[in-house]
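Numbering-wise, the working numbering puts 253 at position 143 of the first sequence, and it's gapless, one number per residue. Glycine is no exception: its CB is placed at the ideal position from the N, C-alpha and C atoms.
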Amino acid sequence: MSARVPAPLPRAFYARPTVAVARDLLGKVLVRRVGRRERRARIVEVEAYLGERDAASHARRGPTPRAAIMFGPPGFLYVYLIYGMYHCMNSITETDGVAGAVLIRAAAPLDGSDPTALRGPGKLCRGLGVTMVDKGTDLTIRSSGLYVADDGRSVVRIARSPRIGVDYAGHWAARHLRFFVPQHISVSGPRRNLK
DNA sequence: GCCACGATAGTG
DNA sequence: ACTATCGTGGCG
111 MSARVPAPLP
121 RAFYARPTVA
131 VARDLLGKVL
141 VRRVGRRERR
151 ARIVEVEAYL
161 GERDAASHAR
171 RGPTPRAAIM
181 FGPPGFLYVY
191 LIYGMYHCMN
201 SITETDGVAG
211 AVLIRAAAPL
221 DGSDPTALRG
231 PGKLCRGLGV
241 TMVDKGTDLT
251 IRSSGLYVAD
261 DGRSVVRIAR
271 SPRIGVDYAG
281 HWAARHLRFF
291 VPQHISVSGP
301 RRNLK
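Below, the structure written as structure tokens:
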């Protein structure tokens, strides 16, 4: 009688400052359904992208065709193609009209399968079958087939570091906007704080 | 219309 | 350290 599957996080969860959403996404469960198959994985690594003023964010050029969705209402999925061969997935944050997104970089499978299969943003999307057709998905409804839920567990400690792959972004590259579960096998790149 | 360049990952 | 592979957006 208890819901075996936790409910999707509500829109209000995403309608907050991006850094708060990023931190709070750690430990949450990513639920992906394709047909009758459902996969679940715990989010262990994310990055915050703060909008127009953030030189590392796709929103830095304003609402271009690709990034316009970042300026829209929170709780929707932003997917983009990177290096012509991988996809990356983000949840939109902040209020409608204000750009912001959290890049989900890695998750730990909850079915006991290979803990490195979803390690890194490209592998995460590949492993969950997320592509451009999923851009714009509403993450707050079950019927989307892709959502984030709270199963009651929480992360004990959160580490932070500069974001990965944004060295071109001047002083924004140095800001500690990457959040992860320290020492976790499913985290990509450095698993402890640098600096 | 061009074209340099990525919020990456796998191999050497 | 090198590169596969292609949409995006700056430039003009």
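Taking C-alpha positions only, Thr250 is separated from Asp206 by approximately 15 angstroms. Considering only Pro173, Gly299 and Ile268, the residue with the shortest C-alpha distance to Leu136 is Ile268. Exclusion of the five residues before and after Asp244 leaves Leu187, Val189 and Leu256 as the residues of its chain whose Cβ lies within less than 7 angstroms of its Cβ. Under the rule that a run must span 4 or more residues, the alpha helix (DSSP H) segments found entirely inside the segment 198-248 read 231-238. Judged by DSSP secondary structure, Val154 falls within the beta strand (DSSP E) whose first and last residues are Arg147 to Tyr159. Taken atom to atom, the span from the alpha-carbon of Arg288 to that of Glu155 is near 7 angstroms. Ala283 and Ala122 have their alpha carbons spaced roughly 29 angstroms apart. A distance below 6 angstroms between beta-carbons, with the five flanking residues on each side excluded, links Ala209 to the following residues of its chain, in chain order: Gly161, Glu162, Ala169, Met180 and Phe181.
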